[in-house]
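>
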Amino acid sequence: MMNKEQDIRLLRQAIELGRRCTPSDGAYSVGAVVVNRDGSVFTGYSRESGPSNHAEEEAIAKAVAAGADLAGATIYSSLEPCSIRRSKPRSCSQLIIEHRFARVVFAMFEPLHFVDCHGAEMLREAGIEVDVLESLAPEVEQVNAHILHPKE
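Here it is, written out as structure tokens:
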């Protein structure tokens, strides 16, 4: 079980991963950190290995490639995992549910910019613990200023 300090540290790591993203006017810059029950860690960020890949998807793919069983794992994402996906058949929330994660921690709810996201609700309905550390939301907003606060 993670404590609050560990949650903040790992969520800050996810936010920093989001800074590695190639900026896009059509997608957020997001980072994700998966912590498996055995302590193994997998990271990812949006567009890391493909132009339409999301951070959670990248981290989960690395864990699966390493043979990790993600049941009971925790994923830290700078932004609320998507519930609607235009570019792929399954949303990040669906992937998290399918892999039986126990917990999701994120800093900022997805703004109503591209879609009406209900990731937190979808995850909670699936029995997954969801913690939102909104005190870190300003850092996520800064990483995504190119979308949220474009220069006039």
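Heads up: the sequence shown is residues 1 to 152, going by the working numbering.
Yeah, the Cβ is synthetic: ideal placement off N, Cα and C, and Gly gets one too.
1) Can the beta-carbon of Ala32 be found closer than 8 Å to that of Glu58?
2) Judging by CA-CA distance, which residue of Val35, Gln13 and Leu136 is the nearest neighbour of Val104?
3) Could you pull the start and end residues of the beta strand (DSSP E) that Arg103 belongs to?
4) Once the 5 residues before and after Arg19 are set aside, which same chain residues still bring their CB inside 8 Å of it?
5) Which one of Val41, Tyr45 and Asp7 has the shortest CA to CA distance from Ser24?
6) Taking its Cβ as the centre, do 16 or more other Cβ atoms sit within 10 Å of Leu95, making it buried, or is it exposed?
7) With a threshold of 16 other CB atoms inside 10 Å of the CB of Gly119, please say whether the residue is buried or exposed.
8) Reducing DSSP to helix, strand and coil, say where Glu129 ends up.
9) Unbroken beta strand (DSSP E) runs of length 3 or more, entirely within the segment 33 to 78: which are they?
10) Return the first residue and the last residue of the alpha helix (DSSP H) that Asp7 is part of.
11) Start and end of the alpha helix (DSSP H) containing Ile97?
12) Could you check if Leu70 is buried or exposed, using at least 16 other CB atoms within 10 Å of its CB as the buried criterion?
13) How should Pro81 be labelled, buried or exposed, when 16 other C-beta atoms within 10 angstroms of its C-beta is the threshold for buried?
14) Where does the unbroken alpha helix (DSSP H) through His143 begin, and where does it stop?
15) From Ser83 to Ala145, what does the alpha carbon distance come to, in whole angstroms?
16) Exposed or buried, Ala66, counting other C-beta atoms within 10 Å across all chains shown (16 or more means buried)?
This is what the structure holds:
1) yes
2) Val35
3) Arg103 to Met108
4) Excluding sequence neighbours, Arg19 sits near Ser29, Gly31 and Val143.
5) Tyr45
6) buried
7) buried
8) strand
9) 41 to 45
10) Per DSSP, the continuous alpha helix (DSSP H) segment holding Asp7 begins and ends at Lys4 to Gly18.
11) Cys92 to Glu98
12) buried
13) buried
14) Reading off the sequence shown, one finds Val at residue 143, where the question assumed His. Run containing Val143: Ala137 to Val143, per the alpha helix (DSSP H) assignment.
15) 22 Å
16) Under this definition Ala66 is an exposed residue.
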